[in-house]
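Enquirer:
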Amino acid sequence: MNPPHTPPASVEQFLQCISQEYEGLSKQLKAISRHVEAHRDHLGLQGIQSVAEQCGVQPSAMVRFAKHFGFSGFSEMQRLFREGLAEQIAPGRAYNLRLRDVIEAGSTSLQSPQIADEFIKGSIAGMQQLRQELDQQAFARAVELLADTQAIWIAGSRRSFPVAVYLDYALQHTEKRIGLLNALGSMQQGQIRSVRAGDVLIAISFNPYAEETLQVAQQATQRGARVIAITDSRMGPLARTAEATLIVQDSATFGFRALTATMGLAQSLFVALAYRLEISSQPTSTGRHRGALRAVAQLPPLLKAANS
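Numbering of the sequence shown is given in our numbering, commencing with residue 18 and proceeding in unit increments.
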């Protein structure tokens, strides 16, 4: 936690502080924490009463929350979110507002091609938002964990299952041992017994979090494995067991959440790992730069296999 006289200097630093303090906060302050993370692109524009209503708390709780993290009050905290807001409004948030306007205007006669167009625009917005907000340090740490282990396990249920299956397929093209904890027939308790200390588990889950994935992540940690979480909140239960947390929030269209950004993140993770492994496998030479160029030239065969 920052000392009272030193409030966070950036939104990202503020969110990290919230994440570190989250478990010790009251129920009301936890609710505000989750709202701040999910709606940070709007906080610079909304009044304290409006934000408090959305969080289900009194305005005094908003002030208490701000002071807990070193601000003089809600206005000073809000100023942090307002700075540079015009240039950095997340496309996903802006898209959701446009879609809400369409529905509230009574557009109930959308044709099938129009619905497809809305879904595609939502997916594009989600990808743009991921590009803006991806934690590069956490992503680099995730690639490092995957490169340094001999065995990679993947867990994802319900909506996250297609992403887990893709990662299982793609990672099979590396020399590492790969296992999908698919919970088929509720057999995840037996599958988890194969996890060893030093292994890495990629756990994928979003609110409402799949209980089987949370259990697998917790048990993997107890067995000495390290967890990479792909999830939607630093304050979520999956992030608390993770050594690296990758946050992604796909846009929702007509109440249905896409998987576009999440799948894009998964593919990026595999490609970055493949590049890292190819670079590491190159023989050392006096021409370090030439060696790197050869590694880049030899990378496509591995990626070509993963795309077949």
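We treat Cβ as the ideally placed atom computed from N, Cα and C, and that holds for glycine.
Small disclaimer: the values here were computed from a predicted structure and weren't measured.
Helix or strand or just coil, what does DSSP make of glycine 87?
Expert: Of the three classes helix, strand and coil, the one that applies to glycine 87 here is coil, per DSSP.
Enquirer: Which residues share a DSSP beta bridge with arginine 243?
Expert: According to DSSP, which records beta bridges pairwise, arginine 243 is partnered with Val217.
Enquirer: Alanine 26: buried (16+ other C-beta within 10 angstroms of its C-beta) or exposed?
Expert: Exposed, by the Cβ-count rule.
Enquirer: Going by alpha carbons, who is nearest to glutamate 54 out of Pro179, Gly253 and Val180?
Expert: For glutamate 54, the nearest C-alpha among the options comes from Gly253.
Enquirer: Is arginine 96 helix, strand or coil by DSSP?
Expert: If DSSP states are grouped into helix, strand and coil, arginine 96 belongs with the helices.
Enquirer: Return the chain-ordered list of same chain residues with a C-beta closer than 6 Å to the C-beta of isoleucine 171, the five sequence neighbours on each side being excluded.
Expert: Counting only Cβ-Cβ distances below 6 Å, and skipping sequence neighbours, we find Ala181, Leu184, Asp185, Leu197 and Ile219.
Enquirer: Once DSSP output is grouped into helix, strand and coil, what is the label at threonine 230?
Expert: The answer is helix: DSSP assigns threonine 230 an H, G or I state.
Enquirer: Please report the straight-line C-alpha distance between tyrosine 39 and lysine 84, rounded to a whole angstrom.
Expert: Roughly 15 Å between the two C-alpha positions.
Enquirer: By Cβ distance, which residues of its chain are closer than 8 Å to leucine 162, with the 5 residues on each side in sequence left out?
Expert: These residues qualify, in order along the chain: Val217, Arg243, Ile245, Glu260 and Ala261.
Enquirer: Please classify leucine 35 as buried or exposed, where buried requires at least 16 other C-beta atoms within 10 Å of its C-beta.
Expert: A small correction: the amino acid at residue 35 is isoleucine; leucine does not occupy that position in the sequence shown. So isoleucine 35 counts as buried.
Enquirer: Using DSSP with H/G/I as helix, E/B as strand and the rest coil, what is glycine 73?
Expert: Note: glycine 73 maps to coil in three-state DSSP.
Enquirer: Could you tell me how far apart the beta carbons of glutamine 146 and glutamine 266 are, in whole angstroms, since I believe they sit closer than 8 Å?
Expert: Contact holds; Cβ gap of about 7 Å.
Enquirer: Using the three-state DSSP reduction, which class does glutamate 104 fall into: helix, strand or coil?
Expert: Because glutamate 104 carries a pLDDT of 44, less than 50, the predicted location of this residue cannot be relied on, and the following value inherits that uncertainty. In the structure shown, glutamate 104 sits in a helix (DSSP, three-state: H, G or I).
Enquirer: Using alpha carbons as the reference points, say which of Glu229, Glu70 and Arg96 lies closest to proline 24.
Expert: The shortest Cα separation from proline 24 among Glu229, Glu70 and Arg96 belongs to Arg96.
Enquirer: Excluding the 5 residues preceding and the 5 following arginine 274 in the sequence, name in chain order all residues of the same chain whose CB lies nearer than 6 Å to its CB.
Expert: Correct list, in chain order: Asp267.
Enquirer: How far does the beta strand (DSSP E) with isoleucine 171 in it reach, from first residue to last?
Expert: Residues 168 to 173.
Enquirer: State buried or exposed for serine 140, treating a residue as buried only when at least 16 other CB atoms are found within 10 Å of its CB.
Expert: Its Cβ being crowded by 16 or more others within 10 Å, serine 140 is buried.
Enquirer: Along the chain, where does the beta strand (DSSP E) that runs through isoleucine 195 open and close?
Expert: 194 to 198 is the extent of the beta strand (DSSP E) around isoleucine 195.
Enquirer: By alpha-carbon positions, which one of Phe91, His56 and Arg57 ends up nearest to glutamine 66?
Expert: Among Phe91, His56 and Arg57, the Cα nearest to that of glutamine 66 belongs to Phe91.
Enquirer: Grouping DSSP H, G and I as helix and E and B as strand, with all else coil, what is alanine 259?
Expert: Residue state, collapsed to three classes: coil.
Enquirer: Going by alpha carbons, who is nearest to glutamate 228 out of Arg213, Gln206, Ser211 and Gln239?
Expert: It is Gln206 whose Cα lies nearest to the Cα of glutamate 228.
Enquirer: Could you tell me which of Gly215, Gly281 and Phe156 sits nearest to aspartate 165, measuring between CA atoms?
Expert: Nearest of Gly215, Gly281 and Phe156 to aspartate 165, Cα basis: Gly215.
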